[in-house]
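Q: Line by line, the protein sequences are chains G and V.
Under UniProt numbering, residues 1 to 314 are what the first sequence spells out, in order.
Under UniProt numbering, residues 1 to 333 are what the second sequence spells out, in order.
Cβ coordinates follow ideal geometry from the N, Cα and C atoms, glycine included.
Here the structure is a predicted model, which is why all the values come from computation and not from measurement.
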Amino acid sequence: MARRSKLDTVKIAFRNGKFVLGFSVLMFFIVFSLVGGLFTPFSGDGLYYERIPNTTVKIATYSHKVLPPMSNETLTTYLGNKVRVTHILGTDAFGKDVYAQLVTGLRTSLWVAFLAALIGTAFGITIGFIAGYKGGWVDETLMMFTNIMLVIPSIILLILIAAYLSARSPEVQAVIIGITGWPWVARAVRAQTLSLKEREFVSLAKLSAQGDLKIIFGEIMPNMISYVFMAGILQFSGAILASATLDFIGLGPTTTVSLGTILQKAIAYNALQFGNWWWFIPPGLIITLIITALFFVNLGMEEVFNPRLRRGGE
Amino acid sequence: MGFNEGFKKYLMRKTFVYLITFLFAVTLNWLLPRLMPGNPIEGMMAQAGSGGGVNDALMRFYERLYGLDQPLWKQFLNFWSSLFHGDLGYSILYRAPVWDIIKHALPYDIVILLPAILLSWLVGNWLGALAGKNKKYDRYAMPAFYFLASMPYFWFAMILVYTVGVSLGWLPYQGAYSPSMIPELSLDFIVDFLKHWILPFLGLFTVMIGSWAIGMRNMIIYELEADYVRYLEALGGSEKLLTKHAYRNAILPQVTGLALQLGLMVAGAIATEIVFNYPGIGVLIMNAALSQDYFLLQGAFLMVVVAVLLANFMIDIIYAFIDPRVRASYTEG
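#1: Which of the three DSSP states is assigned to V/Gly-51 in this structure?
#2: Counting only C-beta atoms, is V/Gly-333 closer than 9 Å to chain G at any point?
#3: For G/Arg-15, which of helix, strand or coil comes out of DSSP?
#4: So, using beta-carbon positions, are G/Ala-60 and G/Gly-300 closer together than 9 Å?
#5: Output needed in chain order: residues of the region 155–168 of chain G with a Cβ under 9 Å from some Cβ in chain V.
#6: Should G/Met-1 be flagged as near chain V, meaning a C-beta pair shorter than 9 Å?
#7: Ignoring anything shorter than 3 residues, give me the beta strand (DSSP E) runs that lie fully in the region 231–308 of chain V, in order along the chain.
#8: Quick check: the region 213–226 of chain V against the region 178–189 of chain V, are there 3 or more CB pairs under 8 Å?
#9: Counting along the chain, where does the beta strand (DSSP E) carrying G/Val-85 start and finish?
#10: Counting only C-beta atoms, is V/Ser-178 closer than 9 Å to chain G at any point?
#11: Would you call G/Phe-137 buried or exposed, if buried means 16 or more other Cβ atoms sit within 10 Å of its Cβ?
#12: Could you pull the DSSP bridge partners for G/Lys-58 from this structure?
#13: Sort out for me which residues DSSP pairs G/Glu-73 with in a bridge.
#14: Mapping DSSP to helix, strand and coil, what is G/Phe-236?
#15: Can you tell me which of the three DSSP states G/Thr-91 falls into?
#16: Which bits of chain V does G/Gln-273 rub up against, with CB to CB less than 7 Å?
#17: Against chain V, which members of the region 282–305 of chain G pass a CB distance test of less than 9 Å?
#18: Can you have a look at V/Ser-180 and say buried or exposed, based on whether 16 or more other CB atoms are within 10 angstroms of its CB?
#19: Run the proximity test for G/Lys-134: is its beta-carbon closer than 8 Å to any non-hydrogen atom belonging to the ligand PLP?
#20: What number of angstroms, rounded off, separates the C-alpha of G/Ile-291 from the C-alpha of G/Phe-114?
#21: For the alpha helix (DSSP H) containing V/Lys-136, list its first residue and its last residue.
#22: Look up V/Ser-91 in the DSSP assignment and give the residues it is bridged to.
#23: Under the three-state reduction of DSSP, which class applies to V/Asp-316: helix, strand or coil?
#24: Do you know offhand how far G/Arg-199's Cα is from G/Gln-192's?
#25: Among the candidates V/Tyr-319, V/Glu-273 and V/Ile-251, whose CA atom is the shortest distance from the CA of V/Leu-127?
#26: Give the interface partners of V/Val-308 over in chain G, defined as CB-CB distance under 7 Å, in chain order.
#27: Let me confirm a value: G/Thr-55 is counted as buried when at least 16 other C-beta atoms fall within 10 Å, else exposed. Which label applies?
#28: Roughly how many whole angstroms lie between the Cα atoms of V/Ser-291 and G/Arg-168?
#29: How is G/Asp-97 classed by DSSP in three states: helix, strand or coil?
#30: So the alpha helix (DSSP H) V/Ser-186 belongs to, where does it begin and stop?
#31: What is the rounded straight-line gap between the Cα of V/Gly-51 and the Cα of V/Ile-198?
#32: Using three-state DSSP, classify V/Met-158 as helix, strand or coil.
#33: Label V/Asp-109 either buried or exposed according to how many other C-beta atoms from any shown protein chain fall within 10 Å of its C-beta, with 16 as the threshold for buried.
#34: Comparing the C-beta of V/Glu-5 with each C-beta of chain G, is any distance below 9 Å?
#35: Consider the Cβ of G/Phe-280: report whether some Cβ of chain V lies at a distance smaller than 9 Å.
As structure tokens, then:
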């Protein structure tokens, strides 16, 4: 089987409808999280800040009202200025702008998921590689550990760890999610390593007396990039869900807003009973759309790498 | 036939693995608070309102009460010994033994989760098989399945509360029964209980359908392309016969899937109970986590782990009976 160049693979991927759809939605949300703040005068915490002239002191102005989406209002600031503002997605029970919080929350959630996926995937790859390549008792011990971690519900472990930490930054949350997400990756990477290490090119490398590390990174690893990438995508979507659930229980980052903390606040301040749908529908919808998009990216990639899965005609 | 002997061997191996997992989980449960920064006793005292300057005498009293003044190995043994005596410690938040609190919450979890898991499994597999067979239906159903499977359980639960509960006012959405009711075996109470049950049940059931349907759809497509189906087709087998065989082979991995999914469903169940304020373990966990009631948290952790392990073990046994390959492995030794 001739090896395809990486560029070709990317080209084929972009001819796959599912991949393109998922990728576009994902890209949209990433770009939105970065530039979305430009379309609102409000700061990331949903407040309007005004700097006192000739100082660096900034004073926040509240809206005091619960407003539906696209409401206009005139704020009177601390200095007595009148500012006309539009709340694109309305305000929450504290009068804070929901749209501005959503942009920041999305950025936090994506950042947590990205870091957690990176940590989980790196950890999983390492364990899977060592287990698959070394074999014997090393493999058995590592796989026993992996299977144990797989059965213990990770969310419970996450809650337990998060509850013991009183100050939580998004990065801390990413670490605790990352260290529970790796078992799936480890299993997948191990299976791949087992099948790859029997191939001719690995035997050839062994015959030429290359070191283990060189064989792993030089010979086996390049053949697994696509596989590892797909495992990373699944880690990413798992991490978004895990962090949203933790935030929702009240164990989210204490330093900033995220999509999950917005939902938690909405429940805590009875947004459902008061019918403030603009407060809780957008954050959940964004989470759902991102995870759906990741599913489609994964599906598309599977079809690219494993043409048997392609359903005839399309 | 070496069936019985083989089955015994399989059972013993599985029991051993689950026992190790249980040991590991309990040890982790004991170790985690000791690895964390800060002192749980101080936290609990602050919580109980005896904060301010830390009272040394009271602190020592608590340390002795929880055995924290003893060497670590002894603490570990004590932990196990009290566990087997059903002593999970004392909840600061609810001011009652942890085991009693959990005992009262557990029935509510079972009543919601068991039907939701089993029914979603059946319906999801059925819908997935339909999509796998029928390309026209698949075109619309597949994205819908993925969308369902992507929804956070608690968000869908919130949508249900908002639409069915608040806007339409059709069903109650808070608690397991009306505050004016007393739990008893009367028709009034049962009707009231069932009304409160519907929305939390739907919240879990609907979202779970998605991932079962996806799994089944993919398995059916895979099986229908397999050589044995092609062979049956070439022999002139009817379409009904083909799908019957494909279905029987596709359902087996779905049983294993059930075991693997259980751990993931825990998250959904906890968050859904919080939305509906349904008095199961989920609400306990949230309250315990927020008020740093560590004994309650540890007890709830243990309960969930034991439940997941038991369910996995049961599924492993069922699987051994229905999968001819596992069965064959006994008879061959």
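A: So, from the data block:
#1: Position 51 of the second sequence, counted from the first residue, corresponds to residue 51 of chain V. Below a pLDDT of 50, predicted positions are generally treated as unreliable, and V/Gly-51, at 47, falls in that range; no measurement from the model is reported.
#2: Numbered from its first residue, the second sequence carries residue 333 of chain V at position 333. For V/Gly-333, the predicted structure reports a pLDDT of 39, less than 50, and the residue's modelled location is therefore unreliable. A value from the coordinates is still provided. No - not a single Cβ of chain G is within 9 Å of the one on V/Gly-333.
#3: For this step, residue 15 of chain G is matched to residue 15 along the first sequence. If DSSP states are grouped into helix, strand and coil, G/Arg-15 belongs with coil.
#4: As a position in the first sequence, residue 60 of chain G is number 60, starting the count at 1. As a position in the first sequence, residue 300 of chain G is number 300, starting the count at 1. Contact: no.
#5: Ile-155, Ile-156, Leu-157, Leu-158, Ile-159, Leu-160, Ile-161, Ala-162, Ala-163, Tyr-164, Leu-165 and Ser-166
#6: Counting from one through the first sequence, the residue named residue 1 of chain G turns up at place 1. Confidence at G/Met-1 is low in this model, with a pLDDT of 42, below 50, so its placement is unreliable and the value that follows should be read with caution. Chain V, which has no Cβ nearer than 9 Å to the Cβ of G/Met-1, makes this no.
#7: none
#8: no
#9: By 1-based counting over the first sequence, the position of residue 85 of chain G is 85. Its beta strand (DSSP E) spans residues 82–87.
#10: Within the second sequence, numbered from 1, the residue matching residue 178 of chain V stands at position 178. Closer than 9 Å: no.
#11: Start at 1 with the first residue of the first sequence, and residue 137 of chain G comes out as number 137. Per the sequence presented here, residue 137 of chain G reads as Trp, with Phe not at that position. With fewer than 16 Cβ atoms within 10 Å of its Cβ, G/Trp-137 is classed as exposed.
#12: Working through the first sequence from its first residue, we reach residue 58 of chain G at position 58. The partner list for G/Lys-58 (beta bridge, DSSP) reads G/Arg-51.
#13: Within the first sequence, residue 73 of chain G is the residue found at index 73, counting from 1. G/Val-85.
#14: Start at 1 with the first residue of the first sequence, and residue 236 of chain G comes out as number 236. G/Phe-236 falls in the helix class under three-state DSSP.
#15: Numbered from 1 along the first sequence, position 91 holds the residue referred to as residue 91 of chain G. Reduced to three states, the DSSP call for G/Thr-91 is strand.
#16: Residue 273 of chain G sits at position 273 when you count from the first residue of the first sequence. Near G/Gln-273 (Cβ distances below 7 Å), the residues of chain V are Val-166.
#17: Pro-283, Gly-284, Leu-285, Ile-287, Thr-288, Leu-289, Ile-290, Ile-291, Thr-292, Ala-293, Leu-294, Phe-295, Phe-296 and Leu-299
#18: Residue 180 of chain V sits at position 180 when you count from the first residue of the second sequence. Exposed, by the Cβ-count rule.
#19: Absence of the ligand PLP from the depicted structure is noted, as is the absence of any ligand whatsoever, leaving it without description.
#20: For the purposes of this step, residue 291 of chain G is taken as residue 291 along the first sequence, with counting starting at 1. For the purposes of this step, residue 114 of chain G is taken as residue 114 along the first sequence, with counting starting at 1. So the two alpha carbons sit approximately 13 Å from each other.
#21: For the purposes of this step, residue 136 of chain V is taken as the residue at position 136 of the second sequence. Per DSSP, V/Lys-136 belongs to the alpha helix (DSSP H) from 135–150.
#22: Counting from 1 along the second sequence, the entry for residue 91 of chain V is found at position 91. Paired residues: V/Ala-96.
#23: In the second sequence, residue 316 of chain V corresponds to position 316, counting from 1. V/Asp-316: helix per DSSP, three-state reduction.
#24: Looking up residue 199 of chain G in the first sequence gives position 199. Looking up residue 192 of chain G in the first sequence gives position 192. Those two C-alpha atoms are separated by around 11 Å.
#25: As a first step, residue 127 of chain V is located in the second sequence; it is residue number 127 there, counting from the start. It is V/Ile-251 whose Cα lies nearest to the Cα of V/Leu-127.
#26: For this step, residue 308 of chain V is matched to residue 308 along the second sequence. Under the 7 Å cutoff, chain G gives Val-151 and Pro-153.
#27: Residue 55 of chain G sits at position 55 when you count from the first residue of the first sequence. G/Thr-55 should be labelled exposed.
#28: Within the second sequence, residue 291 of chain V is the residue found at index 291, counting from 1. Within the first sequence, residue 168 of chain G is the residue found at index 168, counting from 1. Near 16 Å, if we compare the C-alpha coordinates of G/Arg-168 and V/Ser-291.
#29: Here residue 97 of chain G refers to the residue found at position 97 of the first sequence. If DSSP states are grouped into helix, strand and coil, G/Asp-97 belongs with the strands.
#30: Numbered from 1 along the second sequence, position 186 holds the residue referred to as residue 186 of chain V. Unbroken run through V/Ser-186: none, as it is neither H nor E.
#31: Numbered from its first residue, the second sequence carries residue 51 of chain V at position 51. Numbered from its first residue, the second sequence carries residue 198 of chain V at position 198. Any reading at V/Gly-51 must be qualified, since the residue scores a pLDDT of 47, below 50, and its modelled position is unreliable; no value is offered.
#32: Taking the second sequence and counting its residues from 1, the one referred to as residue 158 of chain V is at position 158. V/Met-158 falls in the helix class under three-state DSSP.
#33: For the purposes of this step, residue 109 of chain V is taken as the residue at position 109 of the second sequence. Burial call: buried.
#34: Sequence index remark: in the second sequence, residue 5 of chain V carries index 5 (1-based). Output row for V/Glu-5: interface = no.
#35: What you label residue 280 of chain G is simply residue 280 of the first sequence in a count that begins at 1. Yes - at least one Cβ of chain V is within 9 Å of the one on G/Phe-280.
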